[in-house]
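Each protein sequence line maps, in turn, to chains E and A. In my numbering, each residue carries its 1-based index in the first sequence increased by 229. Quick note on numbering: my numbering labels position 438 of the second sequence as 433, and the sequence is numbered without any gaps.
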Amino acid sequence: MSSIVIKDLQVAIGDKEIIRGLNLEFSKGEIHAIMGPNGSGKSTLAKVMAGHPDYQVTGGDILLDGESILELEPDVRARKGIFMAFQYPMEIPGVSNANFLRAALQARLPEGEELDATDFYHLLDQKMDLLDIRREFTARAVNEGFSVGEKKRNEILQMAMLEPAFAVLDETDSGLDIDALKVVAKGVNTLRGPNVGILLITHYQRLLNYIIPDFVHVMFDGRIVRSGDKELALELESKGYDWLKEVEAEPVGAK
Amino acid sequence: MSTPANSVDIDRDVGNFFYDLTPARDAGVGLSEKTIDYIVDVKEEPEWLREFRKNAYHVFMSKPLPTHWAGDELREIDFDVIRYYLASGESAKRSWEEVPEEIKQTFERLGIPESERKFLAGVEAQFDSEAVYSNIKRAVADQGVIFMGSTAGLKERPDIFRKWFGKVIPTGDNKFSALNSAVFSGGSFIYVPPGVKVKHPLQAYFRINAENFGQFERTLIIADEGSEVMYMEGCTAPKFTTATLHSAVVELVALPGAKIQYITVQNWSPNVFNLVTKRGLALENAEIKWIDCNIGSRLTMKYPSVVLKGRKARGEVISIALASDGQHQDTGAKMIHAADETTSNIVSKSISIGKGRATYRGLVHVPKHLKHCRNNTECDALLINSSSRTDTYPAITVRGTGNSTQHEASVSQISAEQIFYMQQRGLSEAQAMSLAVNGFVNDLVRQFPMEYSVELKRLIDLEMEGSVG
């Protein structure tokens, strides 16, 4: 079974340590949620997995199917099947959603092979129907002038088109009202299944009412301090993050 | 004997090859009155032209190099080692079969005959100083459209040629228009009769093959009342270590109600000094549109202009410039409003890569006595690296109360976060750059004919591959 294993990961930005010995393992077909207060290192974890150049891994490792990905460029990781839905998706002026996705899929083909345009549009139409996205979306420039809700849905559409083995959703719920949240959650639920492992990063329990995780981890001060099932999220909701300060003394390995 | 100068790198510089030929006609190196006599004699030109050329030669000699304008780079041109006229001595052929083998090979490699078959109404192919091939589709010629070289034009249709030749761009307009007027050879002469709308584009392709050479084509296009024509030009040269000079003069005349669209994709090799004067005269209700794309050359100084001479005349310049390491694209536009209710639009986008430098220079002039004139100017610059440079010099003078202008300018950069975002979707850094740059110019590229926009995208991709690393 395909898996991602994070072992004793330590990450710094400049002199500042952000992740201090994080352990986590997840497999295809599973949904894990990572919850935690602001500044606990959740988003850093997502960016480090994707290979953001601003972060230095100072210790530990991230293994994809047993092999370290730390030396790989972000695009190589992406082509190996790691997807990240951004908390703040970037705007690419003048580049249509269709052309962007086409370029991303083309980049996955062996040298000399051309993506078939008809097949591509067929797949795109199919995925947009699945996610209830209107067709005129394809001609709009990537995220340019999009509402927060549209941006987040676009991330899910990209995920649907690129069919990653592992997807890290970084605070996909942030900035969404309840209706937009339901739409995005519905999209994720449509895509979940045995072929993808999903890591949901969120500040609020609310998202987990709509996307039911198999496992929940609580992150605090750069470590995972608690792991459990979906009940843990509810417990956290009722007790609040302050409760973590008491348990922080005893970090636990996930899973 | 064919000697591709660099066969390994052929994809990146499609035009980087040359053939070792000995032209039958060679005016020798350097410029003097003797050079002009040689040109007039071998081309068997009328005496009025000898006078015209010699006068221009003196104007050229008397004018200083405009180094205060683009910079000292111009001093790298050594006018004494340049050859001003090189040709086979044969007239332009009407079928590719008759074109000498090496020259035919050249244009085959550049894909010209193929494009001609696919979508062009006529083609003129110039090799060094003279056209080697010139053909117009029968159906277009039957409508009375004239498409031929400048020498043929001045000899066969002096009635039309002399009426407009040098009238839009006088000899003394600038040092390089004077140089062109002294030694011009090649280029196109086009006349479209009243009401004729030429459906497919006419194309000229300018090829430099020789080293230490100057190409000075002269193009004159006259669209008679209510007619329409689209002209496209492309160009390439092999990469030599010494400076090559290209200095053209292009004059357009749009008579009342006529429309001229002039498209350039300039891809000279990086040793070419491209110093070109382009201007159109638009009479009442006529429209002139320049689509000007500069990717190649060492230094380009080019500011396509429209003189809006008749009421309700319209002028437009769409300009794209890409400046890589060692390149300076000094480009822009000029709009001279000279009648009421005239409108002009300038949209310029430049991209500077590495140590490349892009300069926008614009001039919009609306005098006080005119009414209801409008101008819109937009210039956007994209800087790729921290060492890239862009400058903008817009000069807009709008006087009088009933006239309006709008000017917008922006400078942007592709952020590291945008690149990361695209990389996260699986694109390499170079692919990501290339996509972002194509996005930046996308709205302008869409105005190009399909075949050219594909070519342009490919050229941008190739430039970007070299820019990251």
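Where is the CB? At the ideal position from N, CA and C, for every residue including glycine.
Within chain A, the residues that residue i reaches when beta carbons sit closer than 8 angstroms
{"i": "Gln387/E", "result": "Arg420"}
{"i": "His432/E", "result": "Here the premise fails: no neighbours, minimum Cβ distance about 21 angstroms."}
{"i": "His281/E", "result": "Phe415"}
Contact list for residue i against chain A, beta-carbon separation under 7 angstroms
{"i": "Phe315/E", "result": "Tyr416"}
{"i": "Arg308/E", "result": "Gly421"}
{"i": "Arg382/E", "result": "Residues of chain A passing the Cβ test: none, with the nearest at roughly 16 angstroms."}
{"i": "Arg337/E", "result": "Gly421"}
DSSP three-state assignment for residue i, whether helix, strand or coil
{"i": "Pro153/A", "result": "helix"}
{"i": "Trp285/A", "result": "strand"}
{"i": "Asn371/A", "result": "strand"}
{"i": "Tyr33/A", "result": "helix"}
{"i": "Pro322/E", "result": "strand"}
{"i": "Val3/A", "result": "In this predicted model, Val3/A has a pLDDT of only 30, less than 50, meaning its place in the structure is not dependable enough to derive any value."}
{"i": "Asp168/A", "result": "helix"}
{"i": "Tyr226/A", "result": "strand"}
{"i": "Asp406/E", "result": "coil"}
{"i": "Arg420/A", "result": "coil"}
{"i": "Gln387/E", "result": "helix"}
{"i": "Lys484/E", "result": "For Lys484/E, the predicted structure reports a pLDDT of 44, less than 50, and the residue's modelled location is therefore unreliable. A value from the coordinates is still provided. Lys484/E falls in the coil class under three-state DSSP."}
{"i": "Arg356/A", "result": "strand"}
{"i": "Gln316/E", "result": "coil"}
{"i": "Gly181/A", "result": "coil"}
{"i": "Tyr320/A", "result": "Inspection of the sequence shows that residue 320/A is occupied by Asp rather than by Tyr. Looking at Asp320/A - three-state DSSP - the assignment turns out to be coil, as it is neither helix nor strand."}
{"i": "Val163/A", "result": "coil"}
{"i": "Leu444/E", "result": "This sequence places Phe at residue 444/E; Leu is not what is there. Correct three-state label for Phe444/E: strand."}
{"i": "Arg363/E", "result": "coil"}
{"i": "Ile290/A", "result": "coil"}
Cβ distance (whole Å) where residue i is taken to contact residue j below 8 angstroms
{"i": "Tyr186/A", "j": "Ile107/A", "result": "About 23 angstroms separates the two Cβ atoms, so there is no contact after all."}
{"i": "Phe55/A", "j": "Leu240/A", "result": "At roughly 12 angstroms, the Cβ-Cβ gap does not stay under 8 angstroms, so Phe55/A and Leu240/A are not in contact."}
{"i": "Leu330/E", "j": "Leu353/E", "result": "7 angstroms"}
{"i": "Ile233/E", "j": "Gly426/E", "result": "7 angstroms"}
{"i": "Ala414/E", "j": "Ile453/E", "result": "Going by Cβ atoms, the distance from Ala414/E to Ile453/E rounds to 24 angstroms, so no, they are not a contact pair."}
{"i": "Ala336/E", "j": "Arg306/E", "result": "Contact flag wrong, Cβ pair sits at about 13 angstroms."}
{"i": "Leu391/E", "j": "Arg420/A", "result": "7 angstroms"}
{"i": "Phe312/E", "j": "Pro393/E", "result": "3 angstroms"}
{"i": "Gln324/A", "j": "Ala316/A", "result": "4 angstroms"}
{"i": "Gln408/A", "j": "Ile313/A", "result": "No, Gln408/A and Ile313/A are not in contact; Cβ-Cβ is about 23 angstroms, not under 8 angstroms."}
{"i": "Ala353/A", "j": "Ala318/A", "result": "4 angstroms"}
{"i": "Lys170/A", "j": "Leu60/A", "result": "7 angstroms"}
Beta-carbon contacts of residue i that lie in its chain and below 6 angstroms, excluding the five residues immediately before and after
{"i": "Asp375/A", "result": "Lys344, Ser405"}
{"i": "Arg89/A", "result": "Asn130"}
{"i": "Asn465/A", "result": "The first residue shown for chain A is -4 and the last is 464, placing residue 465/A beyond what the model contains."}
{"i": "Ile290/A", "result": "Asn262, Leu317, Leu454"}
{"i": "Gly148/A", "result": "Phe156, Phe184"}
Within chain A, partners of residue i - CB distance below 9 angstroms
{"i": "Glu302/E", "result": "Gln418, Ser423, Glu424"}
{"i": "Leu391/E", "result": "Arg420, Gly421"}
{"i": "Ala396/E", "result": "Within chain A, no residue comes near Ala396/E; the closest Cβ sits about 11 angstroms away, beyond 9 angstroms."}
{"i": "Ala370/E", "result": "Gly434, Asn437"}
Chain E residues whose Cβ lies nearer than 8 angstroms to that of residue i
{"i": "Leu430/A", "result": "Ile321, Val324, Asn328, Phe329, Ala332"}
{"i": "Asn437/A", "result": "Gly323, Val324"}
{"i": "Gly10/A", "result": "By Cβ distance, chain E contributes nothing, its closest Cβ being about 24 angstroms from Gly10/A, past 8 angstroms."}
Through-space distance from residue j to residue i, alpha-carbon basis
{"i": "Ile141/A", "j": "Gly395/A", "result": "42 angstroms"}
{"i": "Val412/E", "j": "Glu282/A", "result": "50 angstroms"}
{"i": "Ser381/A", "j": "Gln316/E", "result": "28 angstroms"}
{"i": "Ala351/A", "j": "Ser264/A", "result": "At residue 351/A the sequence reads Gly, which differs from the Ala that was named. Approximately 15 angstroms between the Cα atoms of the pair."}
{"i": "Lys468/E", "j": "Ala262/E", "result": "18 angstroms"}
{"i": "Lys158/A", "j": "Thr62/A", "result": "34 angstroms"}
{"i": "Val324/E", "j": "His432/E", "result": "32 angstroms"}
{"i": "Glu464/E", "j": "Glu384/E", "result": "30 angstroms"}
{"i": "Tyr447/A", "j": "Ala249/A", "result": "24 angstroms"}
{"i": "Ala346/E", "j": "Ala332/E", "result": "11 angstroms"}
{"i": "Arg78/A", "j": "Val24/A", "result": "4 angstroms"}
{"i": "Lys381/E", "j": "Arg384/A", "result": "36 angstroms"}
Proximity test, residue i beta-carbon vs the ligand NAP heavy atom, cut-off 6 angstroms
{"i": "Asn266/A", "result": "Of the ligands one can find in the structure shown there are none, so the ligand NAP has no counterpart to examine."}
Own chain residues within Cβ distance below 8 angstroms of residue i, not counting five before or after
{"i": "His364/A", "result": "Gly395"}
{"i": "Tyr284/E", "result": "Val240, Ala241, Ile242, Ile247, Thr273, Lys276, Val277"}
{"i": "Ser180/A", "result": "Ile34, Lys38, Tyr80, Ala82, Ser124, Glu125, Ser145, Thr146, Phe211, Glu212, Arg213"}
{"i": "Thr400/A", "result": "Val359, Val361, Arg369, Asn370, Asn371, Thr372, Ile391, Val393"}
Chain-ordered chain E contacts of residue i [CB-CB under 7 angstroms]
{"i": "Glu412/A", "result": "Met319"}
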